[in-house]
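Here my numbering is used: position 10 in the sequence shown is 731, and no number is missing along the way.
Every residue, glycine too, gets a C-beta built ideally from N, C-alpha and C.
Values in this document were obtained by computation on a predicted structure and should not be read as measured data.
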Amino acid sequence: MSDIDPRDLRDAFGSFATGVTVVTTLCAVDSMAKTPVAMTANSFCSVSLDPPLVLWSIDKKAKSFNAFSKSEHFAVHILHGGQEELSSICATRNADKFADEVWRSGIEGVPILADYNTCFQCSVEHKYDGGDHEIIVGRVLDFDNNERGSHTNPLLFYRGKYTKVA
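Here's what the structure looks like:
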């Protein structure tokens, strides 16, 4: 164990301004039924253009960890400045994240939100142990810059708070 205080380190990591995403997948309830799952993530980044790869990470203690860990497909939605409430809902452990959200089925039935700046539909390429997180690398199968949507400035997260491009 390191002498580094985890809370202090988390605060230091927070000094890097980042975009905010909602990641979705389907979770098998039983052999016939699947339920949509969503979570907020700010660990998203591009990896490669050829092949087209992205990555994000999930806390192994997250309520949705098992769903994402077992899933072979997911979608990453880059949020716009008007989606702070959605981000907060998807960051909450026990919220019904799809109660007020309009969505459609994407590749392999993965939930695609109706509004976003950009959405990447992915298959899982690799999963890596990342300490208290699992790092998920996805192959981009399709993407949409949502030209018909709000398409405003991105929602950002900095020092523990939401912010927007000035």
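For a cut-off of 8 Å, the C-beta gap from residue 748 to residue 794 is around 12 Å, too long to register as a contact.
Rounded to the nearest whole angstrom, the CA to CA distance from residue 738 to residue 877 is 7 Å. Within the same chain, no residue comes within 6 Å of residue 771 by CB-CB distance, once the 5 residues on both sides are set aside. Beyond the five residues adjoining it in sequence on each side, residue 780 comes within less than 8 Å, by CB distance, of 786, 853, 854 in the same chain, given in chain order. For residue 806, the enclosing alpha helix (DSSP H) covers residues 805 to 811. Shown here for residue 848: same chain residues with a beta carbon closer than 8 Å to its own, the five before and five after excluded, namely 790, 855, 856, 857, 858 in chain order.
If you check the CB distance, residue 811 and residue 760 come in under 7 Å. For residue 850, the beta-bridge partners assigned by DSSP are 855. Looking at the DSSP output, residue 792 shares a beta bridge with no other residue. Within the same chain, Cβ atoms closer than 6 Å to the Cβ of residue 758 are found at 746, 748, 785, 788, the five residues on either side in sequence being excluded.
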